[in-house]
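Just so you know, the numbering used here puts 218 at position 218 of the first sequence, and the rest follows in order with no gaps.
Quick reminder that beta carbons are idealized off the backbone N, C-alpha and C, glycines included.
Because the structure is a prediction, the values reported are computed rather than measured.
Since the structure comes first, as structure tokens, the remarks are kept for the end.
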Amino acid sequence: MENRVRFAPSPTGQVHIGNIRTAIFNWLFARHTQGKFLLRIEDTDIERSTQEAIDTLLECLEWLGIDYDEPIIYQSQMRDSHLAAVERMTEAGHAYKVDGGEAGSPIYFRIPWDGMEAIRSVGEATIELHPEGTLEITPRGINFITIGKGDKQVENSSCLAGFRQMKVYDASGAVIFEIESNIQDVIENQRAFSFPGATKITFERREIFFRDLIKGEMSKPLDNMKDLIIVRSDGTPVFHIANVCDDITQEITHIVRGDDHVENTYRHILLFHAMGHQVPQYGHMPMIVNAAGKPFSKRDGDAFVGDFREKGYLSEALYNYLALLGWSPGDDREKMTRDEMIEAFTLERVKSAPAQFDINKLNNMNGLYIAEMPADDFLVQAKLFADPAWPADKLPQVAALMQSRTKIFNQISSWSYFFDGDIEYDMKNLAKQYKKPEICKAAAMAAEKWRNGEFTAESIHQVLEETETACEIPHGKLFQPIRLAVSGVAGGAELDATMLLIGRDRCINNIFRVLEMAQSGFPEN
RNA sequence: GUCCCUUUCGUCUAGAGGCCUAGGACACCGGGUUUUCAUCCCGGCAACACGGGUUCGAAUCCCGUAGGGGAUGCCA
């Protein structure tokens, strides 16, 4: 049977990198196993879901090249099927209302008393009860108070199914209640019992378990679980039932999601069973945390997929980086093509500890992808980040010069010194570079030579060298002051090529402007 | 509080009892190339959370402790 996975976001704002990483892992899994990757929009929270968020989401998926194989399902349109499923569950005795079932009360899913194959016994358990508490057995579950540290009362309420074979004891040690002979009465007739004087209970502890594709064997005792609401009192289905129903509808075979869902998974497995469907396989992937090591919240402004796009990250680089967060191919490869990732991806290789998002590594990865772009492609991208006021004819030459120095496209805004005359100098640095009189003298001399002589790559270079010799400046020490004067920045491309693009007049004007300031004193800024 | 998960350089990771004197990458620091910048090359710094076991041998298996995260909703 072919694998079918899905990405099921709720459209309540911008798409977060943590979410999109879930999509990436699902997509990679589907492509690796030649299965289907489906998209489902969980828009049941009408208050917070917006069309704008849906559009943003689809845009992000397209940008990252995450394609889906079947038409999108909108959860809000599936409501009838959710309620029909609840109806069937009620008939089968898996769902119930309290208070005799009048309208306006929520519908609960009863964690089944028996017949569940995902449940196993782990032996007999005993719980001592707090003397001041009352043990209650109700159709919704069992409530009691245990003894915590320092005699503290610890409240407890759990589903009935957690207490098979339960016996209740009084102070004399006599059994005063056995659940097996009363369970029908409790469930079918909504009968409740109350034992103020109970001192302890014994029962068969059972746990629900599954084998997680990433985390391995997972289990949780049933006496720590509660019946859950599946239909609100306003008649709308909640996440759990909608999610499971839609997974059944879409015939999902593998659910790969964030590990904030593991607790839900225990419930969902029970729901699948109660609806008579085979349970999908689960894989819970670790969350990503921010630079402070804390979970990303929607407040972390930098964490939206759209922001990365706007700042000038390549989708392939972001995709590659995100795929490597919590997963590795097992060898030393990091920069990988999409096909290589598909080929190497397995859930077994996904880590189960949270990974910290590192912008440095992303930047480096992005730089790697930029470096290998064909010049024409780079130019196309560069145009998007260039100031529209810059003369377009010069951009290709500047782009060619700067490509190997670009890590993120938003750095392109710093190319302005190639195009317009007004440079905002870092006066402190300028003052430092032009502190020595011989540098000032040499700069003036060089500028004069360029004004009156040739201005080519060769002559620029030659003048620089000659002037250094003439003014007894150590080799190479004139380059930096000149660079700073003509461009205003300490880094950049080769100086001769840079000056050529800036142009003779502007270079010379800038140098003299700096020399004037050197004479009259650099202003502060 | 209770339950569940998790822990290898600052960060992402490799590691399936001996191949580990713990490997790679980013970041950082030095050096080389470039008479300047970036690339590039070479080198350096730097980790098995802690404590007990099991074993001839533990990063690896078991138990405990501590830190981190999650869940405990008529949110998804």
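Of the listed residues the options, nearest to residue i (C-alpha basis)
i	options	result
arginine 88	Asn3, Tyr68 and Ile107	Ile107
aspartate 377	Gln403, Gln356, Val350 and Leu362	Gln403
alanine 353	Ile214, Gly330 and Glu465	Ile214
phenylalanine 177	Ile201, Asn156 and Phe25	Ile201
valine 256	Thr346, Met116 and Leu314	Thr346
glycine 115	Val98, Ala125 and Gly93	Gly93
tyrosine 172	Met275, Glu59, Gln77 and Thr199	Residue identity differs from the one stated: residue 172 is serine in this sequence, not tyrosine. Out of Met275, Glu59, Gln77 and Thr199, Thr199 has the C-alpha closest to the C-alpha of serine 172.
threonine 44	Gln411, Val231 and Ala95	Val231
leucine 322	Val5, Leu515, Asn19 and Thr12	Asn19
glutamate 42	Ala30, Gln14, Leu64 and Met78	Met78
threonine 337	Leu379, Phe479 and Ser315	Ser315
histidine 82	Val186, Ser181, Pro374 and Gly235	Gly235
lysine 33	Glu343, Glu251, Ile179 and Leu160	First, the residue type needs correcting, since residue 33 is threonine and not lysine in the sequence shown. Measuring from the Cα of threonine 33, the nearest candidate turns out to be Glu343.
isoleucine 142	Thr22, Val514, Ile183 and Gly104	Ile183
alanine 490	Tyr417, Asp331, Gln462 and Ser520	Tyr417
tyrosine 282	Ser487, Ala446, Pro474 and Asp260	Asp260
glutamine 519	Phe109, Ala444, Ala174 and Ala30	Ala444
isoleucine 127	Gly150, Asn156 and Ser105	Asn156
isoleucine 439	Ala386, Leu515 and Gly492	Leu515
Buried or exposed by the 16-neighbour rule on C-beta atoms within 10 Å, applied to residue i
i	result
lysine 294	exposed
methionine 365	buried
threonine 467	buried
histidine 273	buried
proline 9	buried
glutamine 532	Nothing about residue 532 can be read from this structure; the chain reaches only from 1 to 525.
glutamate 62	exposed
lysine 36	buried
valine 154	exposed
aspartate 212	buried
proline 237	buried
leucine 28	buried
glutamate 207	buried
serine 49	buried
serine 413	exposed
alanine 1	Note on identity: in this sequence residue 1 is methionine, with alanine being the wrong assignment. Classification for methionine 1: exposed.
glycine 476	exposed
aspartate 339	exposed
alanine 85	buried
alanine 485	buried
serine 219	exposed
arginine 384	Note that residue 384 is leucine in the sequence shown here, rather than arginine. Exposed: under 16 other Cβ atoms inside 10 Å.
asparagine 189	exposed
glycine 312	buried
glycine 488	buried
Sub-8 Å separation of residue i and residue j beta-carbons
i	j	result
isoleucine 17	alanine 303	yes
lysine 407	isoleucine 370	yes
phenylalanine 209	arginine 120	yes
alanine 442	cysteine 471	yes
lysine 527	glycine 326	Residue coverage of the chain in this structure runs from 1 to 525, which leaves residue 527 outside it and unanswerable.
threonine 253	asparagine 3	yes
arginine 40	isoleucine 66	no
leucine 368	alanine 382	no
valine 279	isoleucine 269	yes
methionine 225	glycine 123	no
leucine 318	glutamate 334	no
threonine 56	glycine 306	yes
glutamate 204	glutamine 165	yes
arginine 267	leucine 228	yes
proline 391	phenylalanine 419	yes
Three or more C-beta pairs below 8 Å linking the region 284 to 298 and the region 242 to 249: Short answer: they don't touch.
Does the region 417 to 432 come within contact of the region 499 to 519, defined as at least 3 CB pairs closer than 8 Å? Because the criterion of three Cβ pairs below 8 Å is met, the region 417 to 432 and the region 499 to 519 touch.
Those runs of the beta strand (DSSP E) which lie wholly inside the region 128 to 165 and span at least 3 residues: Within the region 128 to 165, the complete beta strand (DSSP E) segments at least 3 residues long are 135 to 138, 141 to 147 and 153 to 158, listed from N- to C-terminus.
Can you check the region 375 to 401 for any alpha helix (DSSP H) of at least 4 residues that lies completely inside it and give the ranges in chain order? For the region 375 to 401, the full-length alpha helix (DSSP H) segments reaching 4 residues or more read 375 to 385 along the chain.
For the region 51 to 87, which segments carrying the alpha helix (DSSP H) assignment without a break, of at least 4 residues, lie completely within its bounds, in sequence order? For the region 51 to 87, whole alpha helix (DSSP H) runs of length 4 or above, ordered along the chain, are 51 to 63.
Inter-stretch contact (C-beta, 8 Å, three-pair minimum) for the region 194 to 212 and the region 131 to 138: Of all C-beta pairs linking the region 194 to 212 to the region 131 to 138, three or more are shorter than 8 Å, placing the two stretches in contact.
What ranges does the alpha helix (DSSP H) occupy inside the region 286 to 346, keeping only unbroken runs of at least 4 residues that lie completely in it? Restricting attention to alpha helix (DSSP H) runs no shorter than 4 residues, the region 286 to 346 encloses them at 305 to 311, 315 to 323 and 338 to 344, ordered along the chain.
Pairing CB atoms from the region 493 to 501 with CB atoms from the region 387 to 404, are three or more of them under 8 Å? Output reads yes: the region 387 to 404 touches the region 493 to 501.
4 or more residues per run - each alpha helix (DSSP H) lying fully within the region 188 to 265: DSSP runs (the alpha helix (DSSP H)) wholly in the region 188 to 265: 239 to 249.
Note down, one range per segment and in chain order, each alpha helix (DSSP H) of at least 4 residues found wholly within the region 411 to 463. Complete alpha helix (DSSP H) runs here, min 4: 427 to 433 and 437 to 452.
If we require 3 or more residues per run, which beta strand (DSSP E) segments fall completely within the region 10 to 55? Listed in chain order, they are 36 to 41.
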